[in-house]
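Here is the structure we will look at.
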Amino acid sequence: MLANRGFGFMENRLSSLISIMTEYEIDVLLLYNTDEYQSEYIHESKQRLRWLCGFSGSNATLIISKQEKQHFFTDGRYTLQAQQELDLNCYQIHNVADITPWQWCIRNLPAGVIVGYEAQLFTLNHIKKYTNHHIILKPIDDILIDRLWVRDFNVLQNIVNHDLKYSGIAGYERAGEAIKYLHGKDVALITDTDVISWLLNIRNKDFVFNPSVLSRAILYKDGTIDLFIENVESVNFEYEYIRIYHIDELFSVLESIQSIVIDASTVPMNIFKHLSQK
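Residue 169 in full-length UniProt numbering is what sits at position 169 of the sequence shown, and the numbering runs on without skipping anything.
Take a look at the structure:
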């Protein structure tokens, strides 16, 4: 079968990943096909599952264990594609219409199994589906595939203003309207890149399909905003109400804030964990 030919280097990558799982004291590893910003269109430098197993579709979750055949989950759009692109000697393919990854874990993993997940790539709502069951969830700060995948290219952002003639309303006006959703909290932490780009009237010029800026933002009661961005090639906008930081400064800025509104559907677990420890 075509699906089972020429996968030796992929099998080596899988073996290497399994070998470093022991360093994190986990029995099982959850992998999700996304980037740190839950982007709809993932940049080539973030296509980690494609690097690991060859799957080029957009929807995939992998359950990796040290002993068993690995379990691959996708939806009906990609099941045939997965059969062509994956090594079927290594991966068993599941349609999420029949069983979801969390259902599979609950039904098949024994009590006390330690299931690791990469906290930068899973949101709070996502992880809630795996909680309150007999498995032990363990967040991992690192992205394991990044320890194995050596690449000399990365996403570069060319950020520009989205002209008022297209947006219809100025960003500071939107920010002024948005503060009513703080509900008495000091700030709102915005982790949805589409919302940030819409709210601030900014776009990523070099992203063709979805020009959202890969960023985080903090909205204050006075309508000012802290914008945290990474890998910026150029920034061609300037607003008095926006302060620009590097993404690495996010946690230090959050330290001084007492009460925060978050969106559980988009906040990554590493950020939620940091806020929970304050």
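Built from N, CA and C at the ideal position, the CB exists for glycine as well. None of these values were measured; they are calculated from a predicted model.
Asked	Found
How big is the Cα-Cα spacing for LEU189 and LEU254?	9 Å
Does the pairing of the segment 24-35 with the segment 54-66 give three or more beta-carbon distances under 8 Å?	yes
Here's the rule: buried if 16 or more other CB atoms are within 10 angstroms of the residue's CB, otherwise exposed. What is LYS46?	buried
Roughly how many whole angstroms lie between the Cα atoms of HIS71 and GLU238?	47 Å
Check the DSSP bridge columns for ASP226 and list the partner residues they point to.	ILE218, ARG243
From GLN67 to VAL213, what does the alpha carbon distance come to, in whole angstroms?	40 Å
Could you give the distance in angstroms between the alpha-carbon of SER256 and the alpha-carbon of VAL187?	11 Å
Tell me which same chain residues have a C-beta within less than 6 Å of the C-beta of GLU40, skipping the five on either side of it?	ASN210
Measuring CB atoms only, is the segment 218-233 touching the segment 188-207, in the sense that at least three cross pairs come out at less than 8 Å?	yes
So, helix, strand or coil for PHE122, using DSSP?	coil
Taking SER121 as the reference, give the member of THR224, SER19, PHE9, ARG48 with the closest Cα.	The displayed chain sequence assigns Leu, not Ser, to residue 121. Taking only the C-alpha atoms, the option nearest LEU121 is ARG48.
Return helix, strand or coil for HIS274, following the three-state DSSP convention.	helix
Measure the alpha-carbon distance for LEU227 versus TYR245 and round it to whole angstroms.	6 Å
According to DSSP, is ASN4 part of a helix, a strand, or is it coil?	Reliability of the predicted coordinates at ASN4 is poor, the pLDDT of 44 falling under 50, and the value obtained from them is presented with this limitation in mind. Helix at ASN4.
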